[in-house]
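Residue numbering for the sequence shown follows numbering that gives the first Met the number 0, starting at 0 and increasing by one per position. Heads up, the beta-carbon is just placed ideally off N, CA and C, and yes, glycines get one too. What you are looking at is a predicted structure, and each value in this text was computed from that prediction instead of being measured. Down below is the structure, laid out as structure tokens.
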Amino acid sequence: MSFSVKAKTEVALQPTGSTFENLAELSAMIKTCGQLERGGDSYKLRLSTEILPVIERIQALIASVFNENVDYTTACDTIRKESTRYTIVITDKFATKVLTNCYVIRRNQFDGWEQLNAVSRFIVYDENTQRAYIRGAFLGCASANITIDEIDSVKKHRGGYHLEFVFDNKTYANDFVHIMSEQGITLKTTLRKYNVVCYIKEIEVISDLLALVGASNAVLVLQNELAIRQVRNNLNRQLNCACANISKSVDASMKQLDAISKINQTIGIENLPDHLQDLCLLRLANPEASFDELVKLTNPPLTKSGINHRFRKIIQIADEIKEI
């Protein structure tokens with residue numbers, strides 16, 4: 000089961016809220032996973048999902064708000080053969096009642112019906128109904144590209160973090176982005192063919208959204224993943240730093256050994272001042288030693304700065320020999 004399905008299942012299994020919260024949540028689900036079919040002066044409403052707890056939640060919302068029981072049908076998904084789709088179909092006067100109460104349709108000036116693209120402020124008039132509306136949209140059309148695998152008992156993430164809502168209407172998408180912003184969550188938008196995609200790529204913001212809709216277990220999974228990622232990044236930085244230091248130390252050692260070899264083949268190490276002779280012999284005896292290790296081998300003891308100063312002098316002498 001994917002992370003997205005697990006999160007939606009967790010949210011769908013929560014208790015329903017007040018009548019107005021349930022109305023807001025149902026309205027969002029109609030907008031995001033519902034299809035309207037017009038027949039004369041009446042509508043047919045079709046609500047579909049691949050997640051059983053989500054369709055059962057729609058049933059519970061309708062029963063809570065309208066005191067009506069609706070059934071769902073089961074069918075094999077025509078696109079993804081291995082998937083099952085659960086569908087609720089509502090028709091005639093009851094469909095009109097649901098759609099008008101959820102502010103999906105309204106009477107126009109010619110006494111006909113028209114579909115509303117915007118999110119009505121009568122449906123999201125306070126913080127609780129806004130949260131409920133976001134929860135409905137999450138259940139209806141959110142998808143998350145978050146894969147966390149269990150490998151050798153260590154959770155590892157592959158790929159980036161991405162959660163998105165896909166809408167077919169720009170006005171509705173803008174209203175939804177505004178509602179999310181009032182709850183402290185910023186969505187970015189882009190166009191994908193004829194749809195508006197509202198998305199989040201930051202794991203911290205995704206966690207905030209999941210907490211907002213009530214997916215507590217999903218939040219814990221992401222927070223654990225974030226902690227592991229931070230530890231892994233710190234270890235990688237330390238390893239990269241250590242590798243860089245080793246590489247730098249090896250390069251310096253090779254440069255010193257080349258200078259000592261040049262001096263030995265020309266003027267001879269024995270013709271250097273005693274303090275430089277001693278350091279040349281120490282380096283030749285310990286070609287892979289770091290400055291810290293060389294400090295411990297010097298007698299009398301030298302500091303790293305002192306050793307570095309003497310090696311610079313040795314390299315300078317070797318360079319001057321090359322120029323002759």
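To the nearest angstrom, report how far apart residue i and residue j are at their CA atoms.
| i | j | result |
| --- | --- | --- |
| Y124 | F166 | 22 Å |
| N21 | T15 | 7 Å |
| L271 | S260 | 13 Å |
| V53 | Q13 | 11 Å |
| R56 | N116 | 24 Å |
| T170 | S26 | 16 Å |
| F121 | A6 | 28 Å |
| C279 | A258 | 9 Å |
| L234 | S3 | 29 Å |
| S252 | R236 | 24 Å |
| K312 | P300 | 18 Å |
| N285 | A317 | 20 Å |
| E67 | K96 | 12 Å |
| C240 | I29 | 54 Å |
| S246 | F310 | 18 Å |
| V249 | D273 | 25 Å |
| D207 | V218 | 8 Å |
| T302 | A226 | 40 Å |
| A143 | Q108 | 41 Å |
| K154 | A141 | In this predicted model, K154 has a pLDDT of only 47, less than 50, meaning its place in the structure is not dependable enough to derive any value. |
| T8 | V195 | 25 Å |
| S82 | I178 | 32 Å |
| V204 | V176 | 14 Å |
| F164 | S47 | 16 Å |
| A326 | Y85 | Any answer about residue 326 is impossible in this case: the structure gives the chain only from 0 up to 323. |
| E49 | H161 | 20 Å |
| A288 | K295 | 10 Å |
| Q255 | Q315 | 10 Å |
| Q42 | G33 | Per the sequence shown, residue 42 should be read as Tyr rather than Gln. Distance between the alpha carbons of Y42 and G33: 12 Å. |
| I61 | D70 | 11 Å |
| N232 | L238 | 10 Å |
| E224 | L51 | 27 Å |
| T31 | G139 | 5 Å |
According to DSSP, is residue i helix, strand or coil?
| i | result |
| --- | --- |
| S180 | helix |
| G15 | Checking the displayed sequence, the identity of residue 15 turns out to be Thr instead of Gly. T15 falls in the coil class under three-state DSSP. |
| S1 | coil |
| E67 | coil |
| L22 | helix |
| R56 | helix |
| D174 | helix |
| R120 | coil |
| H156 | Reliability of the predicted coordinates at H156 is poor, the pLDDT of 45 falling under 50, and no value is obtained from them. |
| N298 | coil |
| N100 | helix |
| T185 | coil |
| D125 | coil |
| N307 | helix |
| N270 | helix |
On the DSSP bridge assignment, give the partners of residue i in chain order.
| i | result |
| --- | --- |
| K43 | E36, T90 |
| S142 | E163 |
| L190 | V195 |
| R105 | E113 |
| Y324 | In this structure the chain extends from 0 to 323, so residue 324 is not present and cannot be described. |
Using a Cβ-Cβ distance cut-off of 8 Å, determine whether residue i contacts chain C.
| i | result |
| --- | --- |
| Q182 | Of the protein chains in the structure, only one exists, and it is not chain C. |
With a floor of 3 residues, list each beta strand (DSSP E) that falls wholly inside the region 192 to 268, ordered by position along the chain.
194 to 199
Check whether the region 28 to 47 and the region 108 to 122 touch, using three or more Cβ-Cβ pairs below 8 Å as the test.
yes
Whole alpha helix (DSSP H) elements within the region 272 to 296, 4-residue minimum:
273 to 284, 290 to 296
Do the region 133 to 144 and the region 207 to 216 meet, that is, are 3 or more Cβ pairs less than 8 Å apart?
yes
Per the contact definition of three or more C-beta pairs closer than 8 Å, is the region 173 to 186 in contact with the region 199 to 210?
yes
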